[in-house]
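Trainee: I'd like to ask some things about the structure below.
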Amino acid sequence: MVRTALNSGINLIDTAYAYGNGRSEELIGEVLKEKEYDRSRIVIATKAAHVPNKGRTFDNSPEFLKQSVEDALKRLQTDYIDIFYIHFPDKSTPKNEAVAALHELKEAGKIRAVGVSNFTLEQLKEANTDGYVDVVEDKYSLIHRQAEKELFPYLEKNKISFVPYFPLASGLLTGKYERGQEKQFSEGDPRKSNPDFQGERFKEILAAVDILRPIAKRYQATPAQLVLAWYMKNPRVSVVIPGAKRPEQVSDNVQALDLHLSSEDYQTIDEAFHRF
């Protein structure tokens with residue numbers, strides 16, 4: 001899938017230690033070493049905070065983060081990492097001290113941008129005490145818009161870039177679910193406990209997605225491609241990182257690059273989901 005993405009013109013790969021306990025980074029590193037790819041034209045973003053073999057135990061200590069960067073550099077087989085995020089905040093490390101450790105590595109040329117992910121606004125403000133935060137990655141989509149209220153104004157004021165994760169909301173915004181065909185999810189399926197896939201909220205989301213269908217048809221696109229085009233026209237969003245399970249999904253997502261929404265259609269899509 002990485003090769004499909006790069007061969008299609010995608011130039012940013014987002015990963016993390018937690019994705020396969022470093023295996024994702026290793027696979028990306030193997031591809032980066034292939035002679036047809038120019039490392040200088042590829043942006044690699046990765047993250048760390050998970051303590052190995054301890055589930056959702058996080059460590060933001062300067063020592064842990066510095067070692068995590070060194071380990072990621074080896075797995076990725078590269079001399080530098082374009083964006084390095086603190087994946088999750090821990091409970092004890094002062095956030096500005098954690099970010100300062102990454103800033104030191106930025107000054108040394110080992111990373112090129114300092115990022116934080118899954119931080120509350122208050123944690124972000126503490127992390128950015130010295131103005132060292134370059135990028136924030138957090139949940140944001142047409143159905144999760146809390147960031148618009150306070151986070152985005154802070155980011156704009158402090159000239160911090162924003163990268164949304166789950167832009168297609170775990171498939172809800174792709175158009176594959178239809179009203180009247182609500183599914184009962186099996187035990188162990190994360191959708192079974194996800195409020196977005198339950199009750200009236202699920203139905204309201206599907207009703208909003210239905211508004212996308214005729215617009216997408218007019219552009220000869222899928223609802224997913226339309227949604228990705230909405231992000232690319234959104235002035236608050238720096239880059240879009242849709243996930244994919246198969247190379248064909250990567251190819252489908254790439255087609256959104258050729259879809260240029262009119263201001264009117266952008267507004268129609270925005271308003272269709274504004275209540276979320």
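Numbering (the UniProt record's numbering), first residue to last: 1 to 276. Ideal Cβ placement from N, Cα and C applies to all residues, glycine included.
What do you get for T174, buried or exposed, if any count of 16 or more other CB atoms within 10 angstroms of its CB means buried?
Mentor: Taking the first residue of the sequence shown as position 1, residue 174 is located at position 174. Buried: at least 16 other Cβ atoms inside 10 Å.
Trainee: Is it buried or exposed, K183, if we count other Cβ atoms within 10 angstroms and call 16 or more buried?
Mentor: By one-based count along the sequence shown, residue 183 stands at place 183. When all chains shown are included, K183 counts as exposed.
Trainee: Measuring alpha carbon to alpha carbon, tell me which of K203, G180, E148 ends up nearest P235.
Mentor: In the sequence shown, residue 235 corresponds to position 235, counting from 1. Closest by alpha carbon: E148.
Trainee: Closest by CA to L261, which one among V250, K233, R246?
Mentor: For this step, residue 261 is matched to residue 261 along the sequence shown. Minimum Cα distance to L261 is reached at K233.
Trainee: Where DSSP assigns a beta bridge to T46, which residues make up the other side?
Mentor: Counted from its first residue, the sequence shown places residue 46 at position 46. Paired residue(s): F84.
Trainee: For A221, which option in F202, D252, S238 has the closest C-alpha, if you only look at C-alpha atoms?
Mentor: Reading the sequence shown from its first residue, position 221 is the one you call residue 221. Considering only alpha carbons, the answer is D252.
Trainee: Just list the residues that DSSP pairs H144 with in beta bridges.
Mentor: The count along the sequence shown starts at 1 and reaches residue 144 at position 144. Paired residue(s): S141.
Trainee: So the beta strand (DSSP E) S40 belongs to, where does it begin and stop?
Mentor: Numbered from its first residue, the sequence shown carries residue 40 at position 40. Looking at the DSSP string, S40 is not in any beta strand (DSSP E), and its letter there is neither H nor E.
Trainee: Mind checking N128: buried by the 16 CB within 10 Å criterion, or exposed?
Mentor: Looking up residue 128 in the sequence shown gives position 128. So N128 ends up on the buried side.
Trainee: Less than 8 Å between C-beta atoms, sequence neighbours within five positions excluded: which residues of the same chain meet that for V136?
Mentor: On the sequence shown, residue 136 is found 136 positions in, with the first residue counted as 1. Hits under 8 Å: G115, V116, S117, F119, L124, L151, L155, I160, S161, F162, V163.
Trainee: Mind checking whether A101 and P52 have CB atoms under 8 Å apart?
Mentor: The sequence position of residue 101 within the sequence shown is 101, counting from 1. The sequence position of residue 52 within the sequence shown is 52, counting from 1. For A101 and P52, no; Cβs fall outside 8 Å.
Trainee: Within 10 angstroms of its Cβ, does A256 collect 16 or more other Cβ (buried), or is it exposed?
Mentor: Counted from its first residue, the sequence shown places residue 256 at position 256. Buried.
Trainee: In the structure shown, what three-state DSSP assignment does Y165 receive?
Mentor: Counting from one through the sequence shown, the residue named residue 165 turns up at place 165. In this structure, Y165 counts as strand in the three-state DSSP scheme.
Trainee: Is it buried or exposed, D138, if we count other Cβ atoms within 10 angstroms and call 16 or more buried?
Mentor: Taking the first residue of the sequence shown as 1, we reach residue 138 at position 138. By the 10 Å Cβ count, D138 comes out buried.
Trainee: Cβ atoms of V227 and I10: under 8 Å apart, would you say?
Mentor: Here residue 10 corresponds to residue number 10 of the sequence shown, with the count starting at 1. Here residue 227 corresponds to residue number 227 of the sequence shown, with the count starting at 1. No.
Trainee: Using a Cβ-Cβ cut-off of 8 Å (strictly less than) and excluding sequence neighbours within five positions of P223, which residues of its own chain qualify?
Mentor: As a working note, residue 223 is residue 223 in the sequence shown. If we look at P223 and ignore the five residues flanking it on each side, its Cβ neighbours are L173, T174, G175, V209, L212, R213, A216.
Trainee: S193: buried (16+ other C-beta within 10 angstroms of its C-beta) or exposed?
Mentor: Here residue 193 refers to the residue found at position 193 of the sequence shown. With fewer than 16 other Cβ atoms within 10 Å, it is exposed.
Trainee: Ignore the nearest five residues each way along the sequence and tell me which others in K95's own chain have a CB closer than 6 Å to its CB.
Mentor: For the purposes of this step, residue 95 is taken as residue 95 along the sequence shown, with counting starting at 1. The residues are Q123, E126, A127.
Trainee: Less than 7 Å between C-beta atoms, sequence neighbours within five positions excluded: which residues of the same chain meet that for K66?
Mentor: By 1-based counting over the sequence shown, the position of residue 66 is 66. Taken in chain order, the residues that qualify are A101, L105.
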